[in-house]
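Colleague: Okay, here's the structure, questions in a sec.
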Amino acid sequence: MFVVATIAVFAAMLLVLYRLYAGPTLYDRVLAVNAFGTHTVLLIGVMGFLSGRPEFLDIALLYALINFVGTIAILKFFRYRAIGDILHVPTEEEVES
Amino acid sequence: MLDTLINGIAWVLILSGSFFTVVGAIGILRFPDFWSRLHAASVSDSAGVILLLAGMCVYTGWGLITVKLIVIGLVLFVTGPTSTHAVANAALVSGLRPPEGKGLKGAEPEPLSNPTVDPTPI
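Protein chains in written order, with this note's numbering: chain B, 33 to 129; chain P, 589 to 710.
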């Protein structure tokens, strides 16, 4: 049964990867990266059961955490053009003037 | 007898989880615009993850592995909707609008509150 699940998750990852390549907007790509990360977590878990070593679940948990932080970092970078402190956020009046 | 029952439940859960994962991925690939793709992504984010992790829990029985699976499930429950909401909010703020009306033409993007963000496709 884990062979079927591995093949299914792998096929889903390939489909999502094509959306990541095709775009067309930035947000499609970020969504595809996020879905790809979730599928990777599932793939690592299922592969652990498939090869009889469920200790791989630790790696899957770490990957889930890193995936979330990475998505938020990408979004923050494309909103403010900075990953660390935001030095100056333009207000509405400054934008209009 | 009990082993057969547990194996059967695990089979059903994992097969349906695989099905929903593939369906969500097909939706991400095939849907016409960003907002409907967002909808498709949540299918594999919720149903696929829940069913696959529950199937693995049922298969392995009670133990440390089950606790790890439950922790992964909790993390994904919290972070999945949060990151999906963050992506949708960022797209809305940058001026991307869902298509409306009969012909489903894209609505005119509103003026940007932040001029450094470029809403055009890259």
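In this text, a Cβ means the ideal position worked out from N, Cα and C, and glycines have one as well.
Counting pairs of beta carbons, one from the stretch 57-64 of chain B and one from the stretch 670-679 of chain P, are three or more of them closer than 8 Å?
Modeller: yes
Colleague: Compile a chain-ordered list of the residues in the stretch 100-111 of chain B whose CB is closer than 8 Å to at least one CB of chain P.
Modeller: PHE100, THR103, ILE104, LEU107, PHE110 and ARG111
Colleague: Between the Cα of LYS656/P and the Cα atoms of LEU89/B, ARG85/B and THR103/B, which residue gives the shortest distance?
Modeller: LEU89/B
Colleague: Since GLY605/P and LEU639/P are thought to touch, with beta carbons under 8 Å apart, how far apart are those beta carbons, to the nearest angstrom?
Modeller: 3 Å
Colleague: When you compare only the Cα positions, how much space is there between PRO669/P and ASP591/P?
Modeller: 35 Å
Colleague: Measuring only between beta-carbons, confirm whether LEU593/P sits less than 9 Å from chain B.
Modeller: no
Colleague: Helix or strand or just coil, what does DSSP make of ASN595/P?
Modeller: helix
Colleague: Determine which residues of the stretch 64-75 of chain B have a Cβ less than 8 Å from any Cβ of chain P, and write them out in chain order.
Modeller: ALA64, ASN66, ALA67, THR70, HIS71, VAL73 and LEU74
Colleague: Have a look at SER630/P and THR672/P and give me their C-alpha separation to the nearest angstrom.
Modeller: 8 Å
Colleague: Do THR57/B and PHE665/P have their CB atoms nearer than 9 Å?
Modeller: no
Colleague: What are the start and end residues of the alpha helix (DSSP H) that includes ALA96/B?
Modeller: 89-112
Colleague: Go through its chain and collect everything with a Cβ distance to ILE710/P's Cβ below 6 Å, but skip five positions before and after it.
Modeller: Residue placement at ILE710/P cannot be trusted, given a pLDDT of 49 that sits under 50; the coordinates are not used to answer.
Colleague: For SER604/P, return the contacting residues in chain B, with the cut-off set at a CB-CB distance below 7 Å.
Modeller: Result: empty, since nearest Cβ-Cβ is about 10 Å, beyond 7 Å.
Colleague: Counting C-beta neighbours from all protein chains within 10 Å, is the total for ASP579/P 16 or more, i.e. buried, or is it exposed?
Modeller: Residue coverage of chain P in this structure runs from 589 to 710, which leaves residue 579/P outside it and unanswerable.
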